Each structure stands twice: as C-alpha cells, then as structure tokens.
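So in our numbering, spot 288 of the sequence shown is number 1630, and the numbers just go up one at a time.
Encoded as structure tokens, the structure appears first; notes follow it.
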Amino acid sequence: MACSKLVQEIALKGESVPERHFVKQDHVIPPAIDAPSRLWEHTLLIDYSLLSSSSSLTHQKELTRLHYALKHWGCFQVINHDITSSFLEELMKVAKEFFSLPIEDKLRYSVGDDFFNGYSNANEIVDNNALNWCDRLFLTVVPEDQRRLEFWPKNPENFRDILNEYSESLRLMLEVLLKAVARSLGLEEDGFLRQHGDQGSISTRLGMYPPCPHPDRVYGVRPHSDESTITVLLQDKDVPEGLHVLKDDQWFKVPVTPGALFINLGDFGEVMSNGIFKSVMHRVVTNPVKERVSVAAFCTPHPETDVEPIAELVSSNRPKMYNKVNKMTFKQIYMHTYPQGKKVVDALHV
Ligand code: OGA
Ligand code: NI
C-alpha cells in the first residue's frame, strides 16, 4: 500500500519534490557535525572477533567498550565480523540492481495484505510532518516460516540466494551480539536472548534514497529510534554522509567504514536494559546529486512476547523504568509518538 508516490519515480521523471516532503516553513533541519575522528575509529569501533572469545583480558576490555558505546551513544560500528567485505558488496549490488529495475517489475512486489512485506515508499504513517524521501523493500527473513517469498524478487537472479545467506549470517551475529550485550551488563549470556526469544524475527529493509534537490528541507528518514532489540545496517560506501545520530541535542555524521556494519540499539533493547543502554535517535538526510542505498536488518522480539526490564537490572537503586510492552502495544504507542518526533520508550516510563 503506497500512501504517497514512490519517490524514485518522482526523481527519475525529473518532477519537482511534492510539498508534503518539505519540513514546515519555519523549520530548518538542524545541521550535523563531524565527530572527532577518534570516536568512530576507536571509541565506537567494536572488534567482533573479541566479543565471542573466552574470558581473556582483551575480551573483557571489548565488553567494557561495548558497554560504553551502548550507554552513551546507543550505537557502534562492528569490524572483524564473519561476513566478508566481498559478500557485503554483493549484497549492496543486488539491492541496487533491484531498485534499478523498471517500475513495472518492482511494482510486482508491492506491499501486500500484511502491510509490511513488500515494496512501497517509506511513509507508513502520513501525518502533518514531512514525508520521507525514501522507497523501500521490506522482507522478513527470520524465522524462515514467516517468509513471504512472493515478495522476494526473482530479479536479479541471485537476489534470493544472497538474502538467504545474509539472513543466516545475521542470525548468528544477533546471537553473538546479544550475548555480549548481556555480559557487558554482568548478566548471564542469555539474559537478552531469553526476552528476545527463539522466535524473534529479523526483517530486512532495502532502502533507496534518490537524489533530492532540497537537502536542507527534505529528510531521507525523519528523526526516529528503531523499534528493534538491535538493528544491523549496511551503508552505501559511495555516499559517505547519509546517516546521522543524535547525542545530547547534537547531530553527528556517521561515516562509512569499509567492511564495517553499523549497529544500533532499538527501543525494545532499551527496555530490556532498564534504560542503562539507550536506543539512539537517528535520521537520514538527502543528497542533491547522489542516490543512496542501504540495507537495514531489524531484530525484534516475537510479536506476543511481553518485553520488560530484565529482573537482574532492577534494584532499589535503579527501580524498574519501563512498563511491559509487546509488538502490538508498541505499534499503538508509536502512532502517537512518531508524529511528535519522540521515542516510544519515553511513553513507557513507569
Ligand atoms: C531505518 C533507518 C537508516 C538508513 O530505516 O530505520 O534508520 O541509513 N535507516 O537507511
Ligand atoms: Ni532507523
């Protein structure tokens, strides 16, 4: 269900950007700054190979660094993971090939009866705020029996194989990351996984951001936090300045580090951590000349699981900060908080 036009079509036809994509007259998109290079090259750069190693000193140090990243920023980049750079390039290539298909071919995969899987523009909520300048293809990849293969493109030919292989890698990565997140809080390693659940899902979202002549007044994706426990994002190395994260009311550019994946905590992750870790507010800006493609993977708990702060993280010093929430109640709250530019977790405070 496309609530408004596919933006790639508008861009390809050279039509002007519809008014509904512009931020309000009196609103300026606050500028982002470069973080000191040490931040992304050191402080928020996590070595995956050290996260699952035994309890060596380097392992403990990496967990401390992970703790710092999630507490103060809610995100980091991960390197030395098990997915090769050539595979990630291949994944980016098939994503770009999909978006460069003729419109008729893409429309075959238009969002279907679940209003989730499929191809559409990225505006599931149409409110008074500016619409996102982005199209996307959403596909649930895990668990396998939740896949809706009718929305999986057959063209490019290797699309399905690549996405299938990527989902297996994501599943393994999710487990390693959630175990490390739990250990970094002094919990048993399955502390987060237990709530996330064996039947937690992973949905990938291929995003297309066509060039936009008004980057000062049109967002790629408006400021938001993700619903997920964690999100894994592959950025487009050809467009180094698309993603920004917010910390202490300041927007920071996220550089593209070759071979790295960007990981952020989502609202479910924040709830589980009882607010010790933060889901990061982030946004995508538009580029006047370059189109940008990204592949996000949202790891979310099973729809019927009630998520709440992990018991060991609740104490008299740190009382329970959030009420229980599951996917359904989350969506209901989201309908109100997203238009206000707020995080869902902010409406969950006890
Ligand atoms: C999202 C998102 C970032 C990107 O879809 O939630 O934050 O770079 N995407 O596309
Ligand atoms: Ni996001």
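Virtual Cβ for every residue (Gly too), placed ideally from N, Cα, C.
Predicted, not measured: the structure shown is a model, and the values here were computed from it.
Cα-Cα separation, residue i to residue j
{"i": "asparagine 1506", "j": "valine 1483", "result": "7 Å"}
{"i": "alanine 1344", "j": "isoleucine 1371", "result": "Its pLDDT being 43, under 50, alanine 1344 is placed unreliably by the model, and the measurement read from it follows with that caveat. Computed Cα separation, rounded: 25 Å."}
{"i": "leucine 1449", "j": "glutamate 1654", "result": "48 Å"}
{"i": "glutamate 1361", "j": "asparagine 1629", "result": "18 Å"}
{"i": "aspartate 1568", "j": "asparagine 1606", "result": "8 Å"}
{"i": "leucine 1430", "j": "glutamine 1674", "result": "35 Å"}
{"i": "glycine 1460", "j": "aspartate 1477", "result": "11 Å"}
{"i": "glutamine 1419", "j": "aspartate 1487", "result": "30 Å"}
{"i": "aspartate 1591", "j": "glutamate 1492", "result": "42 Å"}
{"i": "glutamate 1446", "j": "isoleucine 1504", "result": "23 Å"}
{"i": "serine 1621", "j": "glutamate 1404", "result": "20 Å"}
{"i": "histidine 1566", "j": "valine 1626", "result": "10 Å"}
{"i": "phenylalanine 1534", "j": "serine 1358", "result": "47 Å"}
{"i": "lysine 1666", "j": "serine 1570", "result": "15 Å"}
{"i": "valine 1631", "j": "leucine 1603", "result": "24 Å"}
{"i": "glutamate 1383", "j": "proline 1600", "result": "12 Å"}
{"i": "lysine 1662", "j": "glycine 1608", "result": "18 Å"}
{"i": "threonine 1573", "j": "serine 1391", "result": "19 Å"}
{"i": "valine 1468", "j": "valine 1349", "result": "15 Å"}
{"i": "valine 1687", "j": "histidine 1624", "result": "15 Å"}
{"i": "leucine 1386", "j": "leucine 1354", "result": "37 Å"}
{"i": "threonine 1679", "j": "lysine 1669", "result": "15 Å"}
{"i": "phenylalanine 1441", "j": "alanine 1689", "result": "36 Å"}
{"i": "asparagine 1474", "j": "serine 1511", "result": "30 Å"}
{"i": "aspartate 1532", "j": "serine 1428", "result": "31 Å"}
{"i": "phenylalanine 1480", "j": "tyrosine 1561", "result": "20 Å"}
{"i": "asparagine 1463", "j": "asparagine 1659", "result": "45 Å"}
{"i": "aspartate 1376", "j": "lysine 1589", "result": "12 Å"}
{"i": "asparagine 1616", "j": "valine 1656", "result": "7 Å"}
{"i": "asparagine 1465", "j": "histidine 1363", "result": "10 Å"}
{"i": "asparagine 1470", "j": "serine 1395", "result": "49 Å"}
{"i": "aspartate 1540", "j": "phenylalanine 1610", "result": "15 Å"}
The ligand OGA heavy atom lying under 6 Å from the CB of residue i
{"i": "threonine 1528", "result": "Residue identity differs from the one stated: residue 1528 is glycine in this sequence, not threonine. Outside the cutoff, so no."}
{"i": "serine 1636", "result": "yes"}
{"i": "glycine 1549", "result": "yes"}
{"i": "valine 1627", "result": "no"}
{"i": "leucine 1512", "result": "no"}
{"i": "cysteine 1607", "result": "In the sequence under discussion, the amino acid at residue 1607 is leucine, which differs from the cysteine named in the question. False, no ligand heavy atom lies under 6 Å from that Cβ."}
{"i": "leucine 1505", "result": "no"}
{"i": "leucine 1603", "result": "no"}
{"i": "leucine 1576", "result": "no"}
{"i": "leucine 1585", "result": "yes"}
One or two residues paired with residue i in a DSSP bridge
{"i": "serine 1452", "result": "Tyr1461"}
{"i": "serine 1636", "result": "Gly1549"}
{"i": "arginine 1625", "result": "His1586"}
{"i": "valine 1574", "result": "Ile1605, Ala1639"}
{"i": "leucine 1481", "result": "Thr1546"}
{"i": "isoleucine 1375", "result": "Phe1594"}
{"i": "glutamine 1419", "result": "Leu1387, Phe1604"}
{"i": "tyrosine 1561", "result": "Val1627"}
{"i": "tyrosine 1664", "result": "His1691"}
{"i": "valine 1649", "result": "Val1667"}
{"i": "phenylalanine 1364", "result": "Val1560"}
{"i": "histidine 1566", "result": "His1624"}
Test item, CB below 7 Å from any non-hydrogen atom of the ligand NI: Val1563, His1566, Asp1568, Thr1573, His1624, Ala1638
Check whether the stretch 1677-1684 touches the stretch 1637-1648, counting contact only when three or more Cβ pairs, one atom from each stretch, lie closer than 8 Å. no
Check whether the stretch 1534-1549 touches the stretch 1629-1642, taking contact to mean three or more Cβ pairs, one atom from each stretch, closer than 8 Å. Segments in contact, yes.
Would you check if the stretch 1518-1534 and the stretch 1552-1561 touch, i.e. whether three or more CB-CB distances between them fall below 8 Å? By the criterion of at least three beta-carbon pairs nearer than 8 Å, the stretch 1552-1561 is not in contact with the stretch 1518-1534.
Spell out a yes or no on whether the stretch 1411-1430 and the stretch 1456-1466 are touching, meaning 3 or more CB-CB pairs, one atom from each, closer than 8 Å. no
Specify whether the stretch 1593-1604 and the stretch 1573-1584 touch according to this definition: at least 3 beta carbon pairs, one from each stretch, less than 8 Å apart. The stretch 1593-1604 is in contact with the stretch 1573-1584.
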